[in-house]
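Working notes, structure below.
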Amino acid sequence: MVPTLSALATTAACRLGCGIPESALDKAKSMTKRHHVSFKNALRDGIQIAMGTDAGTPFNFHGENAQELERMVALGMSPMQAILASTSAAAHLIGIQDQVGTIEKGKSADLLLFKGNPLRSIDLLRDRSRIIGVMQSGRFVAGPLSKT
C-alpha cells in the first residue's frame, strides 16, 4: 500500500482562492479523515506500507518527501517504520530490492546523510541544512561531504 498522505493533505489545507474549486477542497477534506482511518487500519493489520507522495499534485511539491514521513509518524508509525517504508519497502514494491533499499554489499549506495537522529525526531529530515551528504552509486554528489 502506498497511501500518498501528502496529496490529499496539501489539497485539504488549501484555502479558498488558491485555484482549486471549492467542491474539490470539500472533497479533499472529507477524504482526508477516511484516508487517515485506512492508514491506521493498514498499519494495525500489518499491511506493508511504502512511502510515496504523488508529488506534482496541487501544493504537493517535488523534493518535499519528508512531509510524508512526518504524516506517517503522526498517524502511528514509528520513525523507523517510516524510514523503512521509504527505502526497503518501496524498493520491494517496485521490484528493485536486489539493487537498492538496504545497505548491503553489491547494492547501489544511494544514501542521504543527516546531522541528527531521525529516530528521535523524524521532522529533522525536512531541514535541508542538516544534510551532510548525498551519495549516489557510492559517490558523494552533494552536501559538505562531497567537498572532501
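Just so we're on the same page, this note's numbering is the position in the sequence shown counted from 1, plus 434.
In this text, a Cβ means the ideal position worked out from N, Cα and C, and glycines have one as well.
Bridge-paired residues (DSSP) for residue i
i      : result
ARG573 : GLN570
THR491 : ALA489
LEU545 : MET569
Local Cβ density within 10 Å of residue i, reported as buried at 16 or more and exposed below that
i      : result
ALA447 : exposed
VAL471 : exposed
ALA560 : Checking the displayed sequence, the identity of residue 560 turns out to be Arg instead of Ala. Burial call: exposed.
MET511 : buried
LEU545 : exposed
MET575 : As written in the sequence, residue 575 is Val, which differs from the Met given in the question. By the neighbour-count rule (16 or more Cβ atoms within 10 Å), VAL575 is not buried but exposed.
MET514 : exposed
ARG505 : buried
PRO439 : A small correction: the amino acid at residue 439 is Leu; Pro does not occupy that position in the sequence shown. It counts as buried.
PRO578 : exposed
ILE517 : buried
ILE483 : buried
ILE556 : buried
Beta-carbon separation (whole angstroms), residue i vs residue j, contact threshold 8 Å
i      : j      : result
THR491 : ALA441 : 5 Å
PHE493 : THR445 : 7 Å
MET485 : SER520 : 4 Å
LEU547 : GLY567 : 4 Å
SER522 : ALA543 : Contact doesn't hold; Cβ gap of about 14 Å is too wide.
| request: Let me know the alpha helix (DSSP H) ranges lying completely inside the region 462 to 538, each 4 residues or longer, listed in chain order. | output: Counting only unbroken stretches of 4 or more residues, the alpha helix (DSSP H) elements lying wholly within the region 462 to 538 are 500 to 508, 513 to 520, 522 to 527, in sequence order.
| message | Check whether the region 532 to 543 and the region 459 to 468 are in contact - that is, three or more C-beta pairs closer than 8 Å. | response | Counting Cβ pairs under 8 Å, fewer than three are found: no touch.
| Taking three-plus beta-carbon pairs below 8 Å as touching, is the region 472 to 480 in contact with the region 450 to 462? | Cβ pair count under 8 Å is below three, so no.
| Touch check for the region 480 to 489 and the region 499 to 509: three-plus C-beta pairs under 8 Å? | Verdict: yes, contact present.
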